[in-house]
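Here full-length UniProt numbering is used: the first residue of the sequence shown is 1, the next is one more, and so on.
In this text, a Cβ means the ideal position worked out from N, Cα and C, and glycines have one as well.
Have a look at the structure below, then the notes.
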Amino acid sequence: TLARTKPIIYDVCVTLKHRMSRPYLIIPQFIEQPTWGGDYILKLKDWDGAQSQSMGKIGQSHELSSTSLLAISVKNSVELQPLINNGGDKQSMLVSELEPINLLIKLNQARGNSFQLHINPHTKGTKWKPKPESWYFLENGSITLGVAPGADMSQYKNICVEIDTFMNSLSRQVMHGELSLEQARLKASDFVQVKNPWQFVNKHMVNKHDLIDLSMGAIHHSWEEDMENAPLGNVVFEVQIEASDDEATIRSFDQGKIKDDGSVRKLTIDDYFIHLDSDPTHNDISYLKRSREKNNLLSTDYYAVDIIEPKEKLIIQTEGKYHHLYVRDGSVSIVGGGIVVMVRKGHSCFIPSSLAQYTVEKIEPNSVVLKTYSVNT
1 TLARTKPIIY DVCVTLKHRM SRPYLIIPQF IEQPTWGGDY ILKLKDWDGA QSQSMGKIGQ
61 SHELSSTSLL AISVKNSVEL QPLINNGGDK QSMLVSELEP INLLIKLNQA RGNSFQLHIN
121 PHTKGTKWKP KPESWYFLEN GSITLGVAPG ADMSQYKNIC VEIDTFMNSL SRQVMHGELS
181 LEQARLKASD FVQVKNPWQF VNKHMVNKHD LIDLSMGAIH HSWEEDMENA PLGNVVFEVQ
241 IEASDDEATI RSFDQGKIKD DGSVRKLTID DYFIHLDSDP THNDISYLKR SREKNNLLST
301 DYYAVDIIEP KEKLIIQTEG KYHHLYVRDG SVSIVGGGIV VMVRKGHSCF IPSSLAQYTV
361 EKIEPNSVVL KTYSVNT
């Protein structure tokens with residue numbers, strides 16, 4: 001009897017895995033950002049009705065992460081919204097039940113973010129974890145990227161320290177009731193404008209569908225607020241290796257922000273300047289911008305993004321890697337393992353690595369899909 005048990009269990013596992021080898025709609029995880037979020041992401045998903053009004057300002061939508069939920073019974077993205085409201089229930093499963101996920105893929109609507117960087121992935125002997133990331137802009141944006149040519153790093157650091165010291169002083173005064181929050185914010189704004197840390201970095205306007213690759217790490221960056229030229233903020237399809245902010249994001253300046261409770265963000269200025277790459281070549285936007293080559297938008301040591309513009313039914317091989325499909329424009333049908341999934345603009349689909357091949361077919365003309373996959377899996 002024991003001799004027969006193993007094959008039976010193995011057969012059950014193989015059968016179960018085969019049944020799970022199919023495309024899945026991904027239930028997005030929304031992150032509220034009351035100060036700089038908005039309604040772009042909800043409208044992108046066509047969820048700007050009464051049900052979504054209670055969600056507040058959305059700054060991020062996690063389109064794929066290690067904790068993503070996959071819809072089991074829902075196979076049309078227009079029917080996904082109820083699963084958001086009830087947390088998925090029995091109609092969903094964790095993607096980790098299929099396989100480990102090392103990528104975090106996000107939609108962002110953000111402005112006024114801190115000056116920051118992530119370490120070079122080859123750096124040794126530090127507590128910081130690398131977080132290779134790349135940005136694909138869905139609308140025009142405003143950013144800082146790299147330190148300015150000839151910028152005095154010593155002066156830049158001194159100004160960051162001065163601002164941080166001043167901000168912490170304001171915070172203490174608010175906490176002790178010596179200053180109102182409004183007074184402190186005015187003082188902070190004035191002080192920051194005079195010190196002008198932006199003088200040390202490169203400011204850029206970026207265009208819709210520009211792609212910036214920061215996967216090499218150690219490069220200064222921020223998403224800026226520019227209500228005149230980028231009124232929507234920075235709307236970005238972002239791919240990164242999943243790592244928490246506390247473990248991976250090194251900040252030198254937080255835009256002079258004071259939270260509603262009077263506190264200010266703790267910065268790591270010394271580490272920012274230790275790990276900052278100030279090589280002028282690496283800090284030039286032309287070095288960091290990527291251009292499409294045939295059907296490939298981006299190839300890094302960690303992940304790649306291809307663009308699919310299906311004129312007719314396309315057969316795609318997974319080659320043992322999971323695929324994330326994000327519909328940038330139009331709508332498509334995705335077929336695999338005997339299952340048909342309909343995905344509209346703004347929504348995502350997961351293809352497990354166990355599914356050998358699948359097809360993508362346009363439902364609307366001029367449909368465009370971004371296919372992201374890990375290079376290391």
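query	result
In its own chain, which residues sit with a C-beta less than 8 Å from the C-beta of Ser171, not counting the 5 before and 5 after it?	Ala184, Ile258, Gly262, Ser263 and Val264
Where does Asn158 sit, in a helix, a strand or coil, going by DSSP?	helix
Which of the three DSSP states, helix, strand or coil, is assigned to Asp306?	strand
Who are the Cβ neighbours of Gly346 in its own chain at under 6 Å, not counting the five residues just before and after it?	Leu44 and Lys45
Pop quiz: Ile316 and Val368 are said to be a contact at Cβ under 8 Å. What is the actual Cβ separation, rounded to whole angstroms?	Between Val368 and Ile316 the Cβ distance is about 15 Å, and since that is not below 8 Å, they are no contact.
What residue does the beta strand (DSSP E) around Asp329 start on, and which one ends it?	His323 to Asp329
As a quick exercise: from Ile27, Glu79, His118 and Thr35, pick the residue whose alpha carbon is nearest that of Ile105.	Ile27
Could you say which of Tyr136, Pro149, Gly256 and Thr249 lies nearest to Val194 if we only look at CA atoms?	Gly256
Can you name the start and end residues of the alpha helix (DSSP H) that Ile285 belongs to?	Ile285 to Leu288
Ends of the beta strand (DSSP E) at Ala110?	Leu103 to Ala110
Among all the DSSP beta bridges, which residues are the ones paired with Tyr373?	Ala304 and His323
Smallest Cα separation from Arg292: which of Asp284, Tyr136, Ala148 and Leu314?	Tyr136
Can you say whether Leu83 is buried or exposed, counting buried as having 16 or more other CB atoms within 10 angstroms of its CB?	buried
Going straight from the alpha carbon of Met205 to that of Ser142, what length do you get?	5 Å
Can you give me the start and stop residues for the beta strand (DSSP E) that Leu276 sits inside?	No beta strand (DSSP E) holds Leu276; DSSP gives it neither H nor E.
Once the 5 residues before and after Asn366 are set aside, which same chain residues still bring their CB inside 7 Å of it?	Asp329 and Gly330
Can you check whether the CB of Phe350 is closer than 8 Å to the CB of Tyr24?	yes
Between Ser134 and Ser215, which are expected to be in contact by the criterion C-beta below 8 Å, what is the C-beta distance as a whole number of angstroms?	6 Å
By Cβ distance below 8 Å, which residues in the same chain neighbour Trp128 in space, the five residues on each side in sequence not counted?	His118, Ile119, Glu247, Ala248, Ile250, Asp271 and His275
Here's the rule: buried if 16 or more other CB atoms are within 10 angstroms of the residue's CB, otherwise exposed. What is Thr67?	exposed
From Lys75, Ile101, Thr165 and Ile163, pick the residue whose C-alpha is nearest to that of Ser92; which is it?	Lys75
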